[in-house]
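Chemist:
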Amino acid sequence: CVCIYSQPFLLQSDKNVPALPLNSFARLCVKKDCCWEQDTISGSLQRYGSVRDGPATATTSVPETAAVMPKRLYVVVAVLCYVNLLNYMDRYTIAGVLLNIQKYFNVTDSLAGLLQTVFICSFMLLAPVFGYLGDRYNRKIIMVAGLCIWTFTTLGSSFITQSNFWVFILTRALVGTGEASYSTIAPTIIGDLFSGFERTIMIAFFYIFIPVGSGLGYIAGSAIANATGDWHWALRVNPILGFIGLILLMLIVPSPPRGASETQGAVHLENTPYMEDVKYLLKNFKFGVITVVTGILGVVMGTYISRKLRHRLPNADPLICAVGMLTSSPCFFFAIVLADRSIAATYVFIAVGETLLSLNWAILADILLYVVIPTRRATAEALQIMVCHLLGDAGSPALLGLISDAVSRSNPDSYSWMFRSLEYSFLLCPFIGVLGGMFFLLTALYIAEDRKAAQMLTAGNGRLPDCASPLAAPSGFTERCRVES
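The numbering used here puts the first residue of the sequence shown at 241, with every later residue one more than the last.
Now the structure itself:
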């Protein structure tokens with residue numbers, strides 16, 4: 241395969257290339273506008289990056305099926321988003337039925353906090369492993385294997401008896417193993433299917449389902465538990481939906497070349513009064529709705545602001561994240577201290593705080609994609625996940641539970657003091673948010689240089705890619721494009 245003035249064709253006259261029919265070739269890669277086209281064994285033309293939206297410029301050796309490919313790529317993103325939604329629904333379903341779990345296993349706040357801590361620790365520690373594998377082996381197979389582990393482990397955890405709380409904790413660790421494989425790799429596949437601002441939009445769409453799944457986890461978990469009278473069923477719905485996602489993942493999601501868009505290359509709980517059930521469900525519903533709505537709003541706002549400012553301010557992305565973190569912290573502080581005075585004010589501050597905090601979801605993912613070369617993105621994604629959870633929610637549930645238990649020991653018989661103990665432990669969170677905002681400000685000082693360095697490494701030979709101009713070759717000469725599978 242060669243290029244003459246950016247026009248690809250099959251070189252039949254070259255002595256090194258036998259004159260064979262096109263359909264005898266297993267794979268044909270064509271470089272155009274710094275992007276790749278891939279002719280698969282099945283004969284369907286898969287087009288990645290900016291070139292996929294344009295017409296096929298090859299001669300009759302290239303099938304005329306490229307026009308349908310953009311639609312298929314959007315379906316691929318939809319499948320990845322669906323599985324991402326299920327991941328976060330499962331993660332926060334436990335929070336939605338946590339009180340039921342505490343009563344069932346008869347455990348304290350600190351032991352209940354271990355459920356999330358163990359999950360996050362396994363997720364965090366195994367993310368680098370899957371990042372390493374994702375940069376070297378078939379990413380689709382790794383995701384399918386991880387989704388299988390998550391599905392069967394979550395389903396199995398719903399059948400654990402009251403005397404085996406530590407087995408239940410172990411299953412949460414295994415669930416973290418499955419989710420680590422997916423969360424590490426899925427964003428890199430989207431990064432290889434799209435380029436430019438369209439990739440930012442697709443990444444934003446993918447990360448919108450983090451707050452949506454989190455909110456639905458609260459809502460669905462408590463709703464299913466109340467509807468069935470058994471919290472175990474809250475853990476059985478997601479695996480059923482997971483089987484559907486597993487089938488879609490195997491049938492629809494491709495495994496594109498790395499950097500394709502840029503380079504060449506059943507026990508029932510004790511019954512409670514009906515009104516108490518309704519009140520409890522209503523609270524979970526309100527909080528879940530707030531999380532879903534504000535999460536979507538925050539991701540959309542962050543993406544829109546980034547689009548408007550990125551061309552004028554090279555360091556706009558980390559500055560947006562810093563503003564979101566620094567302004568959300570006071571909102572969460574007031575939400576905590578006003579919780580016993582005005583529930584309406586608490587919900588307002590939570591809504592504003594979650595909107596501001598969600599500004600950085602899509603932007604963070606986009607930053608990682610454009611400051612890291614394609615062949616190292618899965619590893620970078622894994623390290624980002626590991627550090628994020630190591631310094632965040634890996635130990636925070638258990639830590640807050642320990643603080644709450646320690647404070648409540650001074651007056652263990654007072655329900656009012658038990659509330660205060662939880663309130664005091666939560667006050668740690670806004671101050672950590674301020675610290676995160678300061679780190680984003682430091683990132684803004686170096687982001688432009690790091691992005692330029694990544695572009696130069698991606699282009700090779702220290703040259704920035706120039707996709708605006710066609711390849712030029714002297715008269716009578718051809719310019720060859722290296723083909724890599």
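Quick reminder that beta carbons are idealized off the backbone N, C-alpha and C, glycines included.
Note down, one range per segment and in chain order, each alpha helix (DSSP H) of at least 4 residues found wholly within the stretch 410-474.
Modeler: Secondary structure within the stretch 410-474: the alpha helix (DSSP H) runs of 4 or more consecutive residues, fully enclosed, are 436-468 (chain order).
Chemist: Return helix, strand or coil for Phe399, following the three-state DSSP convention.
Modeler: coil
Chemist: With a threshold of 6 Å on Cβ separation, who are the neighbours of Ser398 within its own chain once the five nearest residues in sequence on each side are excluded?
Modeler: His472, Leu475, Arg476
Chemist: Mind checking Gln624: buried by the 16 CB within 10 Å criterion, or exposed?
Modeler: buried
Chemist: Could you tell me which of Arg691, Asn327, Val647 sits nearest to Ile480, measuring between CA atoms?
Modeler: Asn327
Chemist: Between the C-alpha atoms of Leu366 and Tyr422, what's the straight-line distance to the nearest angstrom?
Modeler: 11 Å
Chemist: Should Phe679 be labelled buried (16 or more other beta-carbon atoms within 10 Å of its own) or exposed?
Modeler: exposed
Chemist: Got a sec, what are the start and stop residues for the alpha helix (DSSP H) Ile613 sits in?
Modeler: Bounds of any alpha helix (DSSP H) do not take in Ile613, whose DSSP letter is neither H nor E.
Chemist: Need the endpoints of the alpha helix (DSSP H) that Arg691 sits in, please.
Modeler: 687-699
Chemist: Find out if the Cβ-Cβ distance for the pair Ser435, Tyr332 is shorter than 8 Å.
Modeler: no
Chemist: Quick one: what does DSSP say Thr586 is sitting in, helix, strand or coil?
Modeler: helix
Chemist: Excluding the 5 residues flanking Gly416 on each side, which residues of the same chain have their C-beta closer than 6 Å to its C-beta?
Modeler: Phe359, Ser362, Phe363
Chemist: Runs of 4 residues minimum, wholly inside the stretch 636-686: which ones carry the alpha helix (DSSP H) assignment?
Modeler: 636-648, 655-666, 668-684
Chemist: Would you tell me roughly how many angstroms separate the C-alpha atoms of Glu621 and Thr424, rounded to the nearest one?
Modeler: Glu621 and Thr424 have their C-alpha atoms spaced approximately 6 Å apart.
Chemist: Secondary structure at Thr348, three-state DSSP: helix, strand or coil?
Modeler: In this structure, Thr348 counts as coil in the three-state DSSP scheme.
Chemist: Under 8 Å between the Cβ atoms of Pro497 and Asp432?
Modeler: yes
Chemist: Quick one: Cα of Leu456 to Cα of Asn600, how far?
Modeler: 20 Å
Chemist: I'd like to check one pair, Thr595 with Leu537: are the Cβ atoms closer than 8 Å?
Modeler: yes
Chemist: Nearest to Ser636 by alpha carbon, out of Asp606, Thr586, Asp349, Tyr587?
Modeler: Asp349
Chemist: Among Pro494, Arg439, Cys669, which residue has its Cα nearest to the Cα of Tyr610?
Modeler: Residue Arg439 is the option with its Cα nearest to Tyr610.
Chemist: Would you check if there are 3 or more beta carbon pairs closer than 8 Å linking the stretch 638-656 to the stretch 399-412?
Modeler: no
Chemist: Within a Cβ cutoff of 8 Å, which residues of the same chain sit near Phe370, ignoring the five residues on either side of it in sequence?
Modeler: Ile382, Gly386, Ala420, Ser421, Thr424, Ile425, Ala618, Ala622
Chemist: Alpha carbon to alpha carbon, what distance is there between Ser661 and Leu737?
Modeler: Outside the shown range of the chain (241 to 725) lies residue 737, about which nothing can therefore be said.
Chemist: Between Ser644, Arg376, Phe574, Asp606, which has its C-alpha nearest Ser546's C-alpha?
Modeler: Asp606
Chemist: For Leu313, count neighbouring Cβ atoms within 10 angstroms of its own Cβ and tell me buried if that reaches 16, exposed if not.
Modeler: buried
Chemist: What are the uninterrupted segments assigned as beta strand (DSSP E) that are 3 or more residues long and contained completely in the stretch 541-593, given in chain order?
Modeler: none
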